[in-house]
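Here the structure is laid out as structure tokens; the discussion comes afterwards.
Numbering (my numbering), first residue to last: 378 to 767.
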């Protein structure tokens with residue numbers, strides 16, 4: 378995450394990439410055509426992108442995702458659907474102006490002549506390892522966005538002058554460049570193995586004829602993400618994500634539909650519970666549904682409610698998660714202030730509760746943490762952040 382703190386003299390210091398990182402970069406550029414196309418086009422666009430009479434970009438960033446995704450759904454031991462696809466997509470971040478004031482953090486309320494005014498946008502990329510085709514697609518996206526952001530900066534300055542906005546934090550912060558490359562992950566997924574898991578798990582509900590509908594879906598994604606920018610950051614992340622979803626529905630005697638479900642996430646297939654454990658959870662779902670089906674009808678209730686386990690986490694996330702995300706209020710925005718914008722040094726939780734966002738944690742009590750990462754989506758190294766203290 379980019380800091381919005383004024384960096385003073387640090388803004389004029391030129392940071393060099395260590396020699397070992399340069400050696401690793403040269404090696405990876407020779408071996409990885411996608412990385413080479415990203416870096417070469419970034420350098421060309423940063424030095425040559427310009428329109429007469431308009432500012433040139435001071436910062437450009439490319440984030441490319443190269444992934445395969447697959448999903449299999451099954452009901453009562455039979456596959457009902459299977460999907461598999463491969464794609465590459467690019468996110469561009471083109472900025473004109475300066476770190477103190479640029480085209481971002483601005484809400485124009487509409488589209489510019491060239492497209493939506495803003496900074497980041499996406500584009501589809503060729504899935505073949507064709508160096509020239511990839512570069513051409515990157516150039517097209519960058520040229521499109523540049524024409525939009527120069528107009529956005531003009532509009533933003535005009536609004537700031539009309540509303541006499543002078544005191545605002547910088548729009549962006551300069552960060553130390555980082556160079557790191559994971560081993561490239563395979564983009565092929567074993568669809569047959571996924572089908573075997575989904576059919577075995579879904580067959581559990583054959584033992585419960587009172588359950589009207591049930592579904593088991595296993596989804597997986599594998600691939601590589603790239604991040605390069607004009608500050609010198611060069612990153613490649615390899616990743617795999619698995620999600621197992623189970624749901625079931627019964628109908629009570631009065632016609633009410635009752636449903637239950639659970640999700641299991643994993644960074645790798647090894648993170649998922651054993652088939653026996655998943656099957657037992659399916660039996661638990663069926664037992665709860667049948668108990669609810671036969672339970673007496675409660676007409677009304679007024680009193681305390683205790684949330685525990687997953688429900689407690691969801692309630693906390695809904696109440697606080699989005700507000701903790703923060704973010705600078707966009708110039709021109711009509712939205713009100715964030716919930717916690719004026720809560721600094723004021724109590725929002727009991728004294729015994731602290732909240733820390735720590736993406737460096739890889740697991741908690743042996744369970745992998747999905748929010749773990751080494752670098753965030755802008756290439757900044759992960760670090761713990763205390764959000765609520767005492």
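No residue lacks a Cβ here, since even glycine has one placed at the ideal position from N, Cα and C.
Of the other Cβ atoms in all chains shown, fewer than 16 fall within 10 Å of the Cβ of residue 684; this residue is therefore exposed. Apart from the 5 residues on each side of it in sequence, residue 455 sits with its Cβ closer than 8 Å to the Cβ of 576, 579 in its chain, given in chain order. Residue 708 holds the alpha-carbon nearest to the alpha-carbon of residue 484 among 708, 452, 641, 586. Here the C-alpha atom of residue 467 lies approximately 7 Å from the C-alpha atom of residue 439.
Counting only residues of its own chain and dropping the five nearest sequence neighbours on each side, residue 447 has a CB closer than 6 Å to the CB of 461, 566, 568, 597. With contacts defined as CB atoms closer than 8 Å, residue 413 and residue 508 qualify as a contacting pair. Counting C-beta pairs closer than 8 Å gives three or more between the stretch 513-525 and the stretch 409-427, which meets the contact rule. Looking from the CA of residue 652, the closest CA among 634, 719, 573, 589 belongs to 573. In the three-state reduction of the DSSP assignment, residue 405 falls in the helix class.
Nearest to residue 416 by C-alpha distance, out of 657, 603, 736, 655, is 603. Scanning the stretch 475-554 from its first residue to its last, the whole alpha helix (DSSP H) runs of 4-plus residues come out as 508-539. At the C-beta level, residue 625 and residue 686 stay beyond 8 Å of one another. With a cut-off of 8 Å on Cβ pairs, the stretch 663-677 is in contact with the stretch 580-597, counting three or more such pairs. The three-state reading of DSSP puts residue 699 in helix, counting H, G and I together. Bounds of any beta strand (DSSP E) do not take in residue 589, whose DSSP letter is neither H nor E. Apart from the 5 residues on each side of it in sequence, residue 562 sits with its Cβ closer than 8 Å to the Cβ of 599, 600, 601, 615, 616, 617 in its chain, given in chain order. Rounded to whole angstroms, the gap between the alpha carbons of residue 612 and residue 472 is 20 Å.
Beta-bridge analysis with DSSP links residue 728 to no other residue. One alpha carbon belongs to residue 427, the other to residue 532, and they sit about 19 Å apart. In this structure, residue 736 sits away from residue 648, with a CB-CB distance that is not shorter than 8 Å. Residue pairing for residue 611: DSSP places it in a beta bridge opposite 556, 605. The Cβ atoms of residue 726 and residue 765 sit closer than 8 Å to each other.
Within the model, the alpha-carbon separation for residue 632 versus residue 740 is close to 43 Å.
Short of 6 Å from the beta carbon of residue 410, and not among the five residues preceding or following it, lie these beta carbons of its own chain, in chain order: 506, 508. Residue range 434-452 is occupied by the beta strand (DSSP E) that includes residue 444. Separation of the CB atoms of residue 734 and residue 762 is rounded to 5 Å, and the pair is thereby assigned contact status at 8 Å.
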